[in-house]
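Under our numbering, think of the first position of the sequence shown as 44, with each following residue one higher. A quick write-up on the structure given underneath.
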Amino acid sequence: MFSLDETIPENFNDEIGIVLKKITQIKTNTKIRQELVSEVINLGKKQKYIFFVGYTHRYFIGRIGQSFIYNVPKNKKGNLEKFKGKTIRVICIGSGIRFIREYMAGVI
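Structure representation (structure tokens):
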């Protein structure tokens, strides 16, 4: 597990980031917002992002469309282990039961 201090704020400066910025500007769950989330998921698939389920207390984001950038340490275990030593983006893409969310992560 990592701490919130180890995360880097989203910079919204690439293809996925531009769509994420649009999502964060829409506060309610509208059809347009849902389409933007689908677009992020499709872009993530094209860019070989991984998809996984996790708890909000482990990833610090719980609202769909929220994201952060993270420098993965070389000794990382768990869902993000395959990104050891790389800078990645983690995005919340779905809500589940209570504090469980769907996430995607990939190298930026």
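For each residue, glycine too, the CB sits at the ideal point set by N, CA and C. These figures come from a predicted structure and were not determined experimentally.
Proximity to residue i [Cα-Cα], best of the options
i: ILE51; options: ILE143, GLU145, ILE140, TYR102; result: TYR102
i: VAL62; options: ILE140, VAL150, ILE134, PHE142; result: ILE134
i: GLU82; options: GLU58, PHE95, HIS100; result: GLU58
i: GLN68; options: VAL150, GLY87, GLY108, ILE131; result: GLY108
i: GLY105; options: GLY149, ILE136, ILE84; result: ILE136
i: ILE131; options: LYS74, ASN72, TYR98, LYS91; result: LYS91
i: SER46; options: GLY139, PHE142, HIS100; result: HIS100
i: ILE143; options: ILE151, TYR98, LYS120, LYS119; result: TYR98
i: PHE55; options: THR73, LYS65, LEU86; result: LYS65
Residues of its chain near residue i, where Cβ-Cβ distance is below 7 Å and the 5 sequence neighbours each way are ignored
i: PHE95; result: ASN122, TYR146
i: GLU53; result: GLY60, LEU63, SER110, PHE111, ILE112
i: ARG76; result: ILE66, ILE69
Per DSSP, cross-strand counterpart(s) of residue i
i: VAL133; result: PHE111, ALA148
i: ILE93; result: ALA148
i: ILE51; result: ILE112
Residue i (DSSP reduced to helix, strand or coil)
i: GLY139; result: coil
i: GLY128; result: coil
i: TYR102; result: helix
i: THR67; result: helix
i: LYS74; result: helix
i: SER46; result: coil
i: LYS88; result: helix
Residues of its chain near residue i, where Cβ-Cβ distance is below 8 Å and the 5 sequence neighbours each way are ignored
i: LYS117; result: LYS127, GLY128
i: ILE93; result: ASN122, LYS125, MET147, ALA148, GLY149
Within-8 Å CB hit, residue i to chain D
i: THR73; result: The displayed structure is made up of one protein chain only, and chain D is not part of it.
Cβ pair count under 8 Å reaching 3, the stretch 110-130 against the stretch 70-82: no
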